[in-house]
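Read in order, the letters of the sequence shown are residues 142 to 581 in the numbering used here. Here is the structure we will look at, set down as structure tokens.
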Amino acid sequence: MGMRIFILIWFGQLISLIGSGLTSFALGVWGYQKTGSATQFALISLFTTLPRVVISPLAGVLVDRFNRRWIMIISDFGTGLSIVAIALLLAIGRLEIWQIYLVATVSNSFSAFHLPAYTASITQLVPPQYLNRASGMIQLTLAVAQLISPVLGSLLLITIKLQGVILLDFVTFFFALITLLLVKFPNTKTTVVEKFSKTSLLYEMSYALSYITTKPGLFGLLIFFAATNFLFGALNVLTTPLVLSFASLATLGKILSIGGIGMVTGSLVMSTWGRKLRGMYGVFGFMLLGGLCILVAGLRPSVPLFSVAAVLFFFGLPIIEGSIQVIFQKKVPPYVQGRVFALNGAIAQASMSLAYVIAGPLTDKVFEPLMTSNSPLTACIGRIIGVGRGRGIGLLFIVMGALTMLGTVVAYQYPRLRRVENELPDAITNDATALGENQG
């Protein structure tokens, strides 16, 4: 029964995520074309992630205290209203970059509650033996959005314009809202009693960090994930400017969709053979592959080279993220998962926010000038990667790829992290005992 409920919710979130992907792609292109600045483009991403950093600790507490389904419903409703606000500003011709920052902040404040509620609900709905499959399905939603959004977004920007894309996003949010209203989460048994009312809010917000730090393997995994998110955050914000420096908008959409094919394939592998990927060893292996792909993507302004790097990188991404999520789901008791997943999200988003703050100015003020002037660097490195617009971003990609591989090798040397699956006992059982509240 729980698996059927999960599949219905998953389908609604899939449709919603496709709509969000369309809006994210369209707003990113609109903002970059309007300003021509990598820094301004990065700030859109910054205001997308920053609210989650600030709000997630409180969101985790509320997710563990209250009905997770209703938290998801309210979050989807609030995000939908934020999307309508952008559409109205466009309709009256008053949309500016700073307004996108503001609406992105409001929208993602609601999302800060949605993600931990959704992730923590999985162990409530799905039997432990199916967690790898469920995790793979969640990664598949990201992959399908990655596959469809760029190509469809490029087409829709030409046909129905930005306001049409945003209104379509609102329709998808409404669809996800309906699926949540149609289901009820099953009741759960109580084996762990935690008297929330007798503890302070501040204590509950800090409890997740205290819990994680007592488990060196999980704490190491959290730090490793934060470091890689910093590198991937810089990659995320610089991909569009890099590709547009040597290719058209239509080609950008095709490259991102090719990456989506790799992500769909990786998600299907995670769903089908996730239990055979050897957990942390799979994470380390695909992280090395990801770093190599980032490095290769920066070498030359070549569409075929970038496309191959993109498909291999995105193939490994759902396996990395899905494997890490399953480890936390298995090793963390359900009654505290809301706070732990909120903490994970806050730290990951903080890392990405830092990357957004640094990547734009670093590109505009340092790396791009280095590769477009008559500096000694262009005389040596320029012979390999080229000189001119976008080659500074290419050099930054090479640096990020090398750092990703180096960080992975260093993390592998820490035995508590490498053996976290074997050294920590599973915290969930087949009956998914947990919260002691009616989650219907």
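No residue lacks a Cβ here, since even glycine has one placed at the ideal position from N, Cα and C.
Asked, Found
"Indicate the three-state DSSP secondary structure (helix, strand or coil) for A568 in the structure shown.", "coil"
"Grab me the residues of I263's own chain with a C-beta within less than 6 Å of its C-beta, minus the 5 sequence neighbours each way, in chain order.", "A275"
"With burial defined as no fewer than 16 other Cβ atoms inside 10 Å of the residue's Cβ, what is the status of L296: buried or exposed?", "exposed"
"What's the gap between the Cα of L318 and the Cα of I364?", "34 Å"
"For Q280 versus M144, is the C-beta spacing smaller than 9 Å?", "no"
"When you compare the CB positions of L309 and I227, do they come within less than 9 Å of one another, or not?", "no"
"Out of V467, F314, S290 and L321, point me to the one whose CA is closest to A391's CA.", "S290"
"Could you please give the first and the last residue of the uninterrupted alpha helix (DSSP H) stretch that includes Q240?", "I238 to L266"
"Candidates V194, G172 and A232: which alpha carbon is nearest A367's?", "V194"
"From P382 to M404, what does the alpha carbon distance come to, in whole angstroms?", "21 Å"
"Using a Cβ distance threshold of 8 Å, determine whether the region 350-363 contacts the region 552-571, with at least three qualifying pairs required.", "yes"
"Among residues of its own chain, excluding the 5 on either side of L158, which ones have a beta-carbon nearer than 6 Å to its beta-carbon?", "T282 and A286"
"Quick one: what's got a C-beta closer than 7 Å to F314's C-beta in the same chain, skipping five residues either side?", "S157, G160, D217, T220, G221 and I224"
"Can you give the beta carbon distance from I150 to S386, rounded, assuming they're within the 8 Å contact cut?", "Between S386 and I150 the Cβ distance is about 40 Å, and since that is not below 8 Å, they are no contact."
"Use the C-beta contact count for T300: other C-beta atoms within 10 angstroms, 16 or more gives buried, fewer gives exposed.", "exposed"
"If you reduce the DSSP assignment to three classes, tell me which class T380 lands in.", "helix"
"Thinking C-alpha only, which one of F188, I148 and F166 is nearest A491?", "F188"
"Which class does R235 belong to by DSSP, given the choice of helix, strand or coil?", "coil"
"Rounded to whole angstroms, what's the CA-CA distance from V528 to Q154? Just pull it up for me.", "43 Å"
"Note down the Cα distance separating K336 from Y422, rounded to an integer number of angstroms.", "Note that K336 scores a pLDDT of 46, beneath 50, so its modelled location is shaky; the value from the coordinates is reported in the next line. If you take the alpha carbons of K336 and Y422, they lie about 38 Å apart."
"May I ask you to report which of helix, strand or coil DSSP gives G529?", "coil"
"When the Cα atoms are used, what is the spatial distance from I526 to P517?", "14 Å"
"Candidates M278, L303, I435 and L298: which alpha carbon is nearest T545's?", "I435"
"Helix, strand or coil, according to DSSP, for A388 in the structure here?", "coil"
"May I have the straight-line CA-CA distance separating I460 from S248, to the nearest angstrom?", "28 Å"
"For Y497, does the count of other Cβ atoms within 10 angstroms reach 16, so buried, or fall short, so exposed?", "buried"
"What's the gap between the Cα of L288 and the Cα of G400?", "7 Å"
"How many whole angstroms separate the CB atoms of L256 and I353, which I take to be in contact at a CB cut-off of 8 Å?", "With a Cβ gap of about 17 Å, L256 and I353 do not count as contacting."
"Within this structure, are the beta carbons of G305 and S494 separated by less than 9 Å?", "no"
"For M278 and A284, what's the separation of their Cα atoms in angstroms?", "10 Å"
"Since A488 and V424 are thought to touch, with beta carbons under 8 Å apart, how far apart are those beta carbons, to the nearest angstrom?", "Inspection of the sequence shows that residue 488 is occupied by Ile rather than by Ala. So it is not a contact: roughly 17 Å between Cβ atoms."
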